[in-house]
Every structure is written in structure tokens, then in C-alpha cells.
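Notes to accompany the following structure.
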Amino acid sequence: MTDLFAPFTLGPFELPNRLVMAPLTRNRAGAGEAPTELAVEYYSQRATAGLIITEGTQPSAVSQGYPHTPGLHTDEQVAGWRQVADAVHAKGGRIIAQLMHSGRIGHPDITGIQPVAPSAVTPAGEVYTEKGMQAFTEPRALATDELPGVVAEYVDAARRAIEAGLDGIELHGANGYLLHQFLSDGTNQRTDGYGGSPQNRTRFVLEVATAVTEAIGADRVGIRLSPGGQFNDMNETEVEATYTALLEGLAPLGLLYLHVVEGPETDFHVGLRKQWQGTFIFNTGFTGPSDLATAQASIDSGESDLFCIGRAFIANPDLVERLKTGADLNEPDADTFYAGGAKGYTDYPFLAAS
Numbered sequence: 269m270t271d272l273f274a275p276f277t278l279g280p281f282e283l284p285n286r287l288v289m290a291p292l293t294r295n296r297a298g299a300g301e302a303p304t305e306l307a308v309e310y311y312s313q314r315a316t317a318g319l320i321i322t323e324g325t326q327p328s329a330v331s332q333g334y335p336h337t338p339g340l341h342t343d344e345q346v347a348g349w350r351q352v353a354d355a356v357h358a359k360g361g362r363i364i365a366q367l368m369h370s371g372r373i374g375h376p377d378i379t380g381i382q383p384v385a386p387s388a389v390t391p392a393g394e395v396y397t398e399k400g401m402q403a404f405t406e407p408r409a410l411a412t413d414e415l416p417g418v419v420a421e422y423v424d425a426a427r428r429a430i431e432a433g434l435d436g437i438e439l440h441g442a443n444g445y446l447l448h449q450f451l452s453d454g455t456n457q458r459t460d461g462y463g464g465s466p467q468n469r470t471r472f473v474l475e476v477a478t479a480v481t482e483a484i485g486a487d488r489v490g491i492r493l494s495p496g497g498q499f500n501d502m503n504e505t506e507v508e509a510t511y512t513a514l515l516e517g518l519a520p521l522g523l524l525y526l527h528v529v530e531g532p533e534t535d536f537h538v539g540l541r542k543q544w545q546g547t548f549i550f551n552t553g554f555t556g557p558s559d560l561a562t563a564q565a566s567i568d569s570g571e572s573d574l575f576c577i578g579r580a581f582i583a584n585p586d587l588v589e590r591l592k593t594g595a596d597l598n599e600p601d602a603d604t605f606y607a608g609g610a611k612g613y614t615d616y617p618f619l620a621a622s
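For the sequence shown, the working numbering gives the first residue as 269, with consecutive numbering after it.
Given below as C-alpha cells:
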């Protein structure tokens with residue numbers, strides 16, 4: 269049996285354990301969409317995680333999908349993230365910023381402009397704005413000559429992450445956001461070199477990954493994928509061909525890790541694990557189990573090297589210690605996931621307090 273609480277070497281980093289804190293949108297950024305002192309406290313409280321992956325962080329103002337999410341495209345935001353990184357490192361932790369371009373998942377009331385996407389395919393459903401829930405609007409299809417500029421936004425944000433003292437970045441290629449939209453035949457209906465075949469649909473993701481890797485180093489870059497995932501009105505019909513091609517394209521880059529969210533085909537990630545030669549992080553998704561037994565089974569079976577946990581880390585800043593000792597867990601308050609200040613954010617009790 270593998271000891272989940274023993275150190276694990278991830279590229280240049282020695283992690284204290286194999287439990288990863290998932291990227292969790294909390295909608296609490298301050299003025300200028302910069303992290304606040306509350307964010308410093310929130311992340312540093314959870315520094316005992318083997319690795320922290322931050323909430324989705326937009327690489328540009330136009331890529332923001334929800335209100336009050338932090339960015340990594342201004343000096344003010346870099347300063348905020350530097351405080352977060354310093355606080356986490358002071359407690360012996362490691363923290364990576366997730367870069368998330370929302371693509372079609374957004375609204376003009378959030379950014380002031382029409383959302384962009386691979387193709388003008390409107391998602392079903394609604395999105396939260398300052399005016400409340402509103403129906404998604406039709407996105408504007410990105411022109412081919414605009415794509416290098418979007419790649420450059422990712423590169424700039426990655427460089428800013430390193431400038432802020434963060435340990436690296438994760439490209440969010442999952443859950444229906446821009447990179448996932450390029451991968452899916454349901455949202456990518458392009459007829460240029462970025463659409464049509466599975467290989468063409470991987471092209472933009474590979475260009476982003478290559479450019480970011482060249483900018484900050486492969487040992488600072490991970491990627492998150494959700495093959496076949498349906499969140500945000502996604503529908504992929506060529507999952508195996510697309511993700512096999514994507515991993516073939518990613519392999520030469522030597523990325524820090526591959527992070528996979530379980531999809532409708534619950535064993536699909538096992539095949540990806542066999543194809544991927546590097547560190548593999550597994551996440552059971554929005555509804556799957558994330559208890560200690562599931563984590564242990566995933567790692568013992570060899571289907572993952574690290575196990576990613578979300579909601580339990582929200583409610584338990586000392587989750588690692590609780591799991592290690594078999595202590596009871598605090599229950600998360602779903603009403604405060606995406607709103608508010610300290611309540612439901614930094615006020616969950618530690619073991620000593622409870």
C-alpha cells in the first residue's frame with residue numbers, strides 16, 4: 269500500500285504528500301480583480317496540501333467568465349498573488365496558478381464585450397452576472413489571425429505567475445472553457461487548420477502549451493483535461509481520437525503533470541494514464557467520491573500518482589491532518605461557495621478549534 273502522506277517528487281518540487289487541492293472558483297477577488305488579504309489567509313490555511321492549484325485565473329480582462337474572479341494580467345494582480353505565494357511558501361506549501369480563459373462561458377455584462385470562442389455556438393443555460401442570472405449570449409468566433417494574440421495572453425500570464433513567486437501554472441483545458449471548446453467537435457466547427465479533424469482541434473491547445481513551456485519551462489507547466497465532460501453544455505463525439513492525438517502532441521513537451529477529471533466514461537482516464545509517461549493527477553469531478561479510500565485505491569492501482577480533492581478542502585483547511593488521523597470532517601456550506609467574504613471561506617475550524 270502506497271503511503272499517501274509520504275513525500276512525493278514532482279519535477280523540481282518535493283511535495284509533503286500526494287493530496288492535491290483542486291482549483292476552486294470562489295468569486296472573492298478585490299478591486300482590479302486582484303487577490304485580497306482574505307485570499308492570502310485562505311490559501312495559506314491550506315498549505316499542508318501536497319500541492320495547491322489556485323482557482324481559475326483569467327490571463328486577460330476579456331477572458332473573464334464570472335464576476336470577482338482573479339486575474340494574472342496586471343501589476344496589481346501580480347502583487348496580490350505574490351502575497352499569496354509568500355504566505356503559502358512560509359508554511360512549506362507549493363502553489364500553482366490555474367490559467368482559465370472562459371471562452372464562450374461569459375457575458376457582456378461581465379467584460380463589456382461579446383465573449384469569444386472557436387465558433388459561434390451559444391451554450392445552453394445561464395451565467396451569473398452582477399445583475400443576476402442571465403442567459404448566455406452568442407459568442408464571436410475568433411478569426412485565425414487573432415489566435416496568436418490569445419496565445420500571447422497565456423504566455424504573459426504565465427510569466428507573471430512566475431514573477432509573483434508562484435511555483436508554476438496549470439492550463440485549464442477542461443470543464444467547457446476555451447481550450448476545451450477548441451478540443452470538442454460540438455463547440456469547434458471551424459474550417460481552417462484549427463478545426464475539422466481531431467488533430468486539427470488539438471492544434472490551438474498544443475500551440476498554447478508549447479509557447480508557455482518555452483516561456484517558463486516545462487517543469488512549471490501542467491494541464492487539466494476533462495475528456496467527454498459535459499459541464500457547460502459540452503458534447504464531444506470523438507473523445508478517444510481527440511485525446512489520444514492531444515497526448516501524442518503534448519508528450520514531447522515534458523510537462524510537469526497531466527491532471528484529468530473523470531468523465532461519463534468512468535474508466536477512460538485509465539487509458540490516458542497508460543499513454544502518459546509523466547506524473548498523472550486524477551480528480552473524480554463534481555459528483556464523484558473524493559474520500560481517503562478512493563484516493564488510496566486510485567494511487568495503489570497505479571491509475572494516478574496524485575489525487576485531487578475539491579469541496580473537502582473548502583471546509584477543512586487542515587484536511588490532510590484530518591484524513592491522516594481519521595478525524596471527522598467539517599461539512600461545506602454550498603451557499604457560500606461563490607459569494608461573500610470570510611464566511612464560508614476562512615472561518616472553517618481547524619481540529620484544535622473544533
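Ideal placement from N, C-alpha and C gives every residue a C-beta, glycine not left out.
Check: In this structure, what does DSSP give as the bridge partners for Leu287?
Finding: Translated into positions along the sequence shown, residue 287 becomes position 19. Looking at the DSSP assignment, Leu287 forms a beta bridge with Phe575.
Note to self: Please give me, in chain order, every unbroken run of the alpha helix (DSSP H) with length at least 4 that falls completely inside the stretch 433-516.
What the structure shows: 446-451, 466-484
Notebook entry, point to check: Looking at Ile549 and Val288, is the spacing between their C-beta atoms short of 8 Å?
Noted result: As a position in the sequence shown, residue 288 is number 20, starting the count at 1. As a position in the sequence shown, residue 549 is number 281, starting the count at 1. For Val288 and Ile549, yes; Cβs fall inside 8 Å.
Next item on the list: Determine the closest residue to Arg458 out of Phe575, Val389, Glu475, Ala425, with distance taken between C-alpha atoms.
Entry: Within the sequence shown, numbered from 1, the residue matching residue 458 stands at position 190. Considering only alpha carbons, the answer is Val389.
Checklist line | Inter-stretch contact at 8 Å, needing at least 3 Cβ pairs: the stretch 448-456 / the stretch 500-510 | finding: yes
Item checked: Boundaries (first-last residue) of the alpha helix (DSSP H) holding Phe273 -> To locate residue 273, count along the sequence shown from 1; it is residue 5. Careful: Phe273 lies outside any alpha helix (DSSP H) and carries neither H nor E.
Notebook entry, point to check: Relative to the C-alpha of Gly380, which residue among Val480, Leu619, Tyr606, Val330 is closest?
Noted result: One-based indexing of the sequence shown puts residue 380 at position 112. Answer by Cα proximity: Val330.
Check: What do you reckon, are the CB atoms on Thr293 and Tyr606 nearer than 8 Å?
Finding: If you number the sequence shown from 1, residue 293 lands on position 25. If you number the sequence shown from 1, residue 606 lands on position 338. The answer is yes: Cβ separation under 8 Å.
Checklist line | Beta-carbon gap between Glu414 and His527 smaller than 8 Å | finding: For the purposes of this step, residue 414 is identified with residue 146 of the sequence shown, where counting begins at 1. For the purposes of this step, residue 527 is identified with residue 259 of the sequence shown, where counting begins at 1. Against a cut-off of 8 Å, the Cβ pair of His527 and Glu414 comes out as no contact.
Note to self: What residue range does the alpha helix (DSSP H) around Gln543 cover?
What the structure shows: For the purposes of this step, residue 543 is identified with residue 275 of the sequence shown, where counting begins at 1. Per DSSP, Gln543 belongs to the alpha helix (DSSP H) from 536-543.
Notebook entry, point to check: Just the Cα atoms here: how many angstroms apart are Thr614 and Gly371?
Noted result: Along the sequence shown, read from residue 1 onward, the residue named residue 614 stands at position 346. Along the sequence shown, read from residue 1 onward, the residue named residue 371 stands at position 103. Each residue's Cα considered, the two are about 30 Å apart.
Next item on the list: Classify Glu599 as buried or exposed, calling it buried when 16 or more other Cβ atoms lie within 10 Å of its own Cβ.
Entry: Working through the sequence shown from its first residue, we reach residue 599 at position 331. Flag for Glu599 reads exposed.
Notebook entry, point to check: Is it buried or exposed for Gly393, if we count other Cβ within 10 angstroms and need 16 for buried?
Noted result: Translated into positions along the sequence shown, residue 393 becomes position 125. Exposed, by the Cβ-count rule.
Notebook entry, point to check: By how many angstroms is the C-alpha of Gly539 removed from the C-alpha of Phe276?
Noted result: The residue labelled residue 276 in the question sits at position 8 within the sequence shown. The residue labelled residue 539 in the question sits at position 271 within the sequence shown. Looking at the two C-alpha atoms, the distance is approximately 23 Å.
Checklist line | Residue nearest to Arg296 in terms of C-alpha spacing, selected from Pro335, Gly279, Pro280, Pro557 | finding: Working through the sequence shown from its first residue, we reach residue 296 at position 28. Closest option to Arg296, Cα to Cα, is Pro335.
Next item on the list: Output yes or no for whether 8 Å exceeds the beta carbon distance between Val352 and Pro383.
Entry: One-based indexing of the sequence shown puts residue 352 at position 84. One-based indexing of the sequence shown puts residue 383 at position 115. Contact flag unset, no.
Check: Does DSSP classify Glu282 as helix, strand or coil?
Finding: Position 14 of the sequence shown holds residue 282. In this structure, Glu282 counts as strand in the three-state DSSP scheme.
Item checked: Validate contact between the stretch 463-480 and the stretch 583-590 using beta carbons, cut 8 Å, 3 pairs -> no
Check: Near Lys359, what residues of its chain come up, given a Cβ to Cβ distance below 7 Å and the 5 sequence neighbours on each side ignored?
Finding: What you label residue 359 is simply residue 91 of the sequence shown in a count that begins at 1. Result list for Lys359: Ser312, Ala315, in chain order.
Notebook entry, point to check: Nearest-angstrom Cα distance between Ala365 and Gly612?
Noted result: Residue 365 sits at position 97 when you count from the first residue of the sequence shown. Residue 612 sits at position 344 when you count from the first residue of the sequence shown. Each residue's Cα considered, the two are about 22 Å apart.
Next item on the list: Check whether the Cβ atoms of Ile430 and Arg488 sit closer than 8 Å, and answer yes or no.
Entry: Here residue 430 corresponds to residue number 162 of the sequence shown, with the count starting at 1. Here residue 488 corresponds to residue number 220 of the sequence shown, with the count starting at 1. For Ile430 and Arg488, yes; Cβs fall inside 8 Å.
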